[in-house]
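Since the structure comes first, as structure tokens, the remarks are kept for the end.
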Amino acid sequence: MKLDWVTALAVDDGPIDAQHQELFRLYNLYSTMPEAELDKAAILAKLAAYAGTHFQDEEDYMQAIGYPVQRRLAHAELHRAFVAKLQTLQDAPLYQVLDYFQEWLLRHIISEDRQIKVFLEPPRTR
Ligand SMILES: [Fe+2]
Ligand SMILES: [Fe+2]
């Protein structure tokens, strides 16, 4: 399944939204590449490296905007667990890695990253 970025997924921070879109682009690229062109180790390394850079940026951003510290640390822990899980999939078939990557990323953006936006929204006035 292709990952399509839609505005409902926006965190409303330009760089973070652009990084999420780049992660979608990488997933779509690798999941549709002819098998003969796939270098699993290189793809895993690229996904893990880009995700790692993104996680650091996102955690720095959360800190910069004063996101509640306990929630930020719990969020960072989810990032660490994802990277660790990717490492355990080194020997799995690439489609399994990509399936896991896609499922985790989409769920994480919807349920976790979007809270950054909710946190920034001004309280509703009566
Ligand atoms: Fe995140
Ligand atoms: Fe993210």
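Quick note: the sequence shown uses my numbering, first residue -19, plus one each step.
Here a beta-carbon is modelled for each residue, glycine too, at the ideal position from N, C-alpha and C.
These numbers come from a predicted model, not from an experiment.
Next item on the list: Starting from the N-terminal end, write out each residue whose C-beta falls within a distance shorter than 6 Å of any non-hydrogen atom of ligand 1.
Entry: Glu38, His55, His59, His88, Glu92, Asp93
Checklist line | Member of Pro14, Ala54, Leu27 whose CA lies at the smallest distance from the CA of Leu85 | finding: Leu27
Next item on the list: Using only alpha-carbon positions, find the residue among Arg60, Met42, Val77 that is nearest to Asp(-7).
Entry: Met42
Checklist line | Ranges of the alpha helix (DSSP H) found wholly within the segment 29 to 102, counting only runs of at least 4 | finding: 49 to 68, 74 to 88, 94 to 100
Next item on the list: State yes or no: is the C-beta of Leu(-11) within less than 7 Å of the C-beta of Ile89?
Entry: yes
Next item on the list: Assign Val67 to one of two classes, buried (16 or more other C-beta atoms within 10 Å of its C-beta) or exposed (fewer than that).
Entry: Checking the sequence, you will find Gln at residue 67 rather than Val. Label assigned to Gln67: exposed.
Next item on the list: Would you kindly work out how many angstroms separate the C-alpha atoms of Pro(-5) and Leu100, rounded to a whole number?
Entry: 16 Å
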